[in-house]
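Asks: Structure below; questions to follow.
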Amino acid sequence: MHETINVNLVDSPDWIRERNPGGQLPIIEFGPDNKVLYESLIVCQFLDEAYPETRPLQPRDPYEKARDRVFIESFSNLWAPASRPFFMSPDLSTNWPQIVTGFKMLDNLLADKRGANKFLSGATQPGLVDYMIWPSIERLPLFVDIAGHNGADYLRRELPTVNHYREQMSGDTTVKSAGLPIETFMENLRTFRKRFETK
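Numbering (full-length UniProt numbering), first residue to last: 1 to 199.
Below, the structure is given as structure tokens:
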């Protein structure tokens, strides 16, 4: 049994930093002595290993597990500069070439890792590596919309691997049950970007 608390990081409660000084999510608090862990990959790996009776999300082979971590790190290193302008720049048109370059590099990275498989973890079911990058993949067309382009059309034309992978992941039971409505993210991002209008 667990409780999920969704937090607006633009205006987060004080108890978030009491548990994680960096103020980032996710955070889990568990056990009678209220143990705390945070950072996405650490939390996900801990949960996967702490509940061996559930379907394993990571490869058992140490090398394959390490390769997944390398991919997640590589993905994050590309995603950060591609998405940063949406949170830092008032004029996305000037950053669009940089954004496009980053998105296309992500598409190529995804194609190399996925190969002919349905998911990054293989042909049948998503694994930890899929769930770790899913929030970014899910929201990618919304970033394109915010930049003044049609996200759905852009993915079909320019990011075919991301587009097909996104379609496959959207049908996953865990993805459908755990996510927030995509409209909520869009509303939050638009609200966040309104701060540029007052400067």
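Even glycine gets a Cβ: it sits at the ideal position worked out from N, Cα and C.
Are there 16 or more other CB atoms within 10 angstroms of the CB of Ser121, so buried, or fewer, so exposed?
Replies: Here residue 121 is taken as the residue at index 121 of the sequence shown, counted from 1. Buried, since its Cβ has 16 or more Cβ neighbours within 10 Å.
Asks: Is the beta carbon of Ile72 less than 8 Å from the beta carbon of Leu41?
Replies: By 1-based counting over the sequence shown, the position of residue 72 is 72. By 1-based counting over the sequence shown, the position of residue 41 is 41. Note that the C-beta distance between Ile72 and Leu41 is below 8 Å.
Asks: Quick one: what does DSSP say Gly102 is sitting in, helix, strand or coil?
Replies: The residue labelled residue 102 in the question sits at position 102 within the sequence shown. Reduced to three states, the DSSP call for Gly102 is helix.
Asks: Under 7 Å from any heavy atom of the ligand ATP, does the C-beta of Val70 make it?
Replies: You won't find the ligand ATP in this model; it holds no ligand whatsoever.
Asks: In the UniProt domain "GST C-terminal" (61–199), which residue ranges form an unbroken alpha helix (DSSP H) of at least 4 residues, counting only runs that do not cross its ends?
Replies: 62–83, 85–88, 92–114, 128–146, 151–158, 160–170, 173–178 and 182–193
Asks: Could you tell me which of Gln45, Arg156 and Ala66 sits nearest to Tyr131, measuring between CA atoms?
Replies: Within the sequence shown, the letter at position 131 stands for residue 131. Among Gln45, Arg156 and Ala66, the Cα nearest to that of Tyr131 is on Gln45.
Asks: Taking all protein chains shown into account, decide if Pro62 is buried (16 or more other Cβ within 10 angstroms of its Cβ) or exposed.
Replies: Looking up residue 62 in the sequence shown gives position 62. That one is exposed.
Asks: Considering only the alpha carbon of each residue, which of Val129, Leu155 and Gln98 lies closest to Asn163?
Replies: By one-based count along the sequence shown, residue 163 stands at place 163. For the residues Val129, Leu155 and Gln98, the minimum Cα distance to Asn163 belongs to Leu155.
Asks: Select from Gly102, Ala82 and Pro90 the residue whose C-alpha is nearest the C-alpha of Phe192.
Replies: As a working mapping, residue 192 is identified with position 192 in the sequence shown. Considering only alpha carbons, the answer is Pro90.
Asks: Should Trp15 go down as buried or exposed, given a rule of 16 or more other Cβ atoms within 10 Å for buried?
Replies: Mapped onto the sequence shown, residue 15 falls at position 15. Flag for Trp15 reads exposed.
Asks: Per the contact definition of three or more C-beta pairs closer than 8 Å, is the segment 47–59 in contact with the segment 80–90?
Replies: no
Asks: Can you tell me which of Trp96, Met1, Lys113 and Leu159 puts its alpha carbon nearest to the alpha carbon of Glu64?
Replies: For the purposes of this step, residue 64 is taken as the residue at position 64 of the sequence shown. Of Trp96, Met1, Lys113 and Leu159, the residue nearest in Cα terms is Lys113.
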